[in-house]
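Here is the structure we will look at.
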Amino acid sequence: MATRYTITSGGNSLLDVTPASAEYTSANLDSSLSMSDVYIEFFDTQGNPATPAAGTVEVYGLPTGNTWIAAVGSPVNAKDVTRPVAKYTPPMLDGLTVQVRVRFVGITGAARASVVIYKR
Numbered sequence: 006m007a008t009r010y011t012i013t014s015g016g017n018s019l020l021d022v023t024p025a026s027a028e029y030t031s032a033n034l035d036s037s038l039s040m041s042d043v044y045i046e047f048f049d050t051q052g053n054p055a056t057p058a059a060g061t062v063e064v065y066g067l068p069t070g071n072t073w074i075a076a077v078g079s080p081v082n083a084k085d086v087t088r089p090v091a092k093y094t095p096p097m098l099d100g101l102t103v104q105v106r107v108r109f110v111g112i113t114g115a116a117r118a119s120v121v122i123y124k125r
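Mapping of the sequence shown onto this note's numbering: position 93 corresponds to residue 98, and the numbering continues sequentially without gaps.
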């Protein structure tokens with residue numbers, strides 16, 4: 006059965022992406038499921054959906070220990086995370102993944118993001 010995880014920071018599911026680069030790591034994930042799809046949405050300072058004008062989102066998976074592996078489809082061009090219909094293919098991690106890390110680099114035109122991991 007699939008499991009959904011949301012990356013949070015300080016208990017908040019809206020992650021600040023305004024620094025030149027911001028990085029967030031998920032809680033531990035169920036290691037019995039082998040595929041992970043990573044979905045991204047952007048928002049303005051009021052929490053309304055937004056489409057960034059520039060930047061990238063790097064997505065990594067941690068299979069064991071300390072070595073992160075880039076997801077297939079990473080990095081994502083932030084301006085392709087459009088609304089109401091996105092133009093990006095969600096990054097995918099195939100195989101053992103016990104944590105997911107996202108790094109927002111040079112995001113302009115959005116203040117916050119939501120990242121959801123769908124582990125199947």
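Every residue, glycine too, gets a C-beta built ideally from N, C-alpha and C.
Using C-beta distances below 7 Å, list every residue in its chain close to residue i, excluding the 5 sequence neighbours before and after it, in chain order.
i: SER31; result: TYR10, ILE12, GLN104, VAL105, ILE122
Expressed to the nearest angstrom, what Euclidean distance is found between the alpha-carbon atoms of residue i and residue j?
i: PRO89; j: ALA59; result: 18 Å
i: SER41; j: SER14; result: 20 Å
i: ALA118; j: LEU101; result: 25 Å
i: SER39; j: ASN71; result: 19 Å
i: THR69; j: ASN53; result: 37 Å
i: SER37; j: ASP99; result: 12 Å
i: PRO95; j: GLY78; result: 7 Å
Might you give, ordered along the chain, the residues of its own chain that have their beta carbon closer than 8 Å to the beta carbon of residue i, omitting 5 neighbours on each side?
i: ALA25; result: VAL110, GLY111
i: ASP85; result: ALA91, LYS92, TYR93
Which of the three DSSP states, helix, strand or coil, is assigned to residue i?
i: LYS124; result: strand
i: ASP21; result: strand
i: ASP85; result: helix
Assuming residue i and residue j make a contact with CB atoms under 8 Å, what is their CB distance in whole Å?
i: PHE48; j: LEU19; result: 6 Å
i: PRO57; j: ALA91; result: About 12 Å; that fails the 8 Å criterion.
i: VAL107; j: GLU63; result: 7 Å
For the beta strand (DSSP E) that contains residue i, what are its first and last residues?
i: MET6; result: From DSSP, MET6 is part of no beta strand (DSSP E); its letter is neither H nor E.
i: ASP3; result: Past the edges of the chain, shown from 6 to 125, lies residue 3, and the structure says nothing about it.
Using a Cβ-Cβ cutoff of less than 6 Å, which residues in the same chain neighbour residue i once the five nearest sequence positions on both sides are dropped?
i: VAL120; result: ILE12, ILE45, VAL107
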